[in-house]
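Numbering (the working numbering), first residue to last: 47 to 184.
Below is one structure, written out as structure tokens, with a few remarks after it.
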Amino acid sequence: MSTPALRRGLRTLGTLLITLSAISPASSVFIIAPGVISGAGTGAFYSFVAAAVVGVFMAFVYAELASAFPLAGGEYAIVTRTLGRLPGFAVLGLMIITQVLIVAVIALGVGTYLGVLLPGVPGSVIAAVTCVVAAVVG
Numbered sequence: 047m048s049t050p051a052l053r054r055g056l057r058t059l060g061t062l063l064i065t066l067s068a069i070s071p072a073s074s075v076f077i078i079a080p081g082v083i084s085g086a087g088t089g090a091f092y093s094f095v096a097a098a099v100v101g102v103f104m105a106f107v108y109a110e111l112a113s114a115f116p117l118a119g120g121e122y123a124i125v126t127r128t129l130g131r132l133p134g135f136a137v138l139g140l141m142i143i144t145q146v147l148i149v150a151v152i153a154l155g156v157g158t159y160l161g162v163l164l165p166g167v168p169g170s171v172i173a174a175v176t177c178v179v180a181a182v183v184g
């Protein structure tokens, strides 16, 4: 009997949701940038350039890995295939934690920005509502 495998394919809804999840961390630049600029001053520009260079190299690494290992499952599948099940499980756990926390960080940023438009509403309440809306929509 063959083992079940993940189907490699996306439909419209899946493509839309993956695109939105890829855009969400990019929006954190608007949330993190003011703190970096106020803390680093003129050096913030160089830190953003360095981060962009690292990001481009990471994109190249992911492109190479995706072409070398055409698997469904992302980092978990690649690490499991190359390093074994235990490191793959560790990467899976870290990815779950990261994906949960990035939603909270972006929601707090949305709360900070919308708090300016809604001065009587605490940012934490706006963040909680943002998380609920994201859960309902997603």
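C-beta atoms are modelled at their ideal positions from N, C-alpha and C, and glycine is treated no differently.
Going by C-alpha distance, which of the options is nearest residue i?
i, options, result
"residue 53", "100, 116, 158, 87", "116"
"residue 147", "107, 105, 173", "173"
"residue 127", "140, 111, 141, 104", "111"
"residue 150", "133, 179, 113, 130", "179"
Near residue i, what residues of its chain come up, given a Cβ to Cβ distance below 7 Å and the 5 sequence neighbours on each side ignored?
i, result
"residue 83", "90"
"residue 137", "121, 122, 125"
My guess is that residue i and residue j are in contact by the Cβ rule of under 8 Å, so how many angstroms apart are they, rounded?
i, j, result
"residue 176", "residue 157", "7 Å"
"residue 143", "residue 77", "At roughly 19 Å, the Cβ-Cβ gap does not stay under 8 Å, so residue 143 and residue 77 are not in contact."
"residue 166", "residue 154", "The pair is not a contact, with the Cβ atoms about 18 Å apart (cut-off 8 Å)."
Near residue i, which residues of its chain fall below 8 Å by C-beta distance, leaving aside the five closest residues on each side in sequence?
i, result
"residue 60", "none"
"residue 141", "120, 121, 122"
With a threshold of 6 Å on Cβ separation, who are the neighbours of residue i within its own chain once the five nearest residues in sequence on each side are excluded?
i, result
"residue 107", "none"
"residue 133", "125"
Sequence ranges, beta strand (DSSP E) only - wholly within the stretch 55-131, length at least 3 = none
May I have a chain-ordered list of the alpha helix (DSSP H) segments no shorter than 4 residues that lie completely inside the stretch 125-167?
-> With a minimum length of 4 residues, the continuous alpha helix (DSSP H) runs that stay inside the stretch 125-167 are 131-163.
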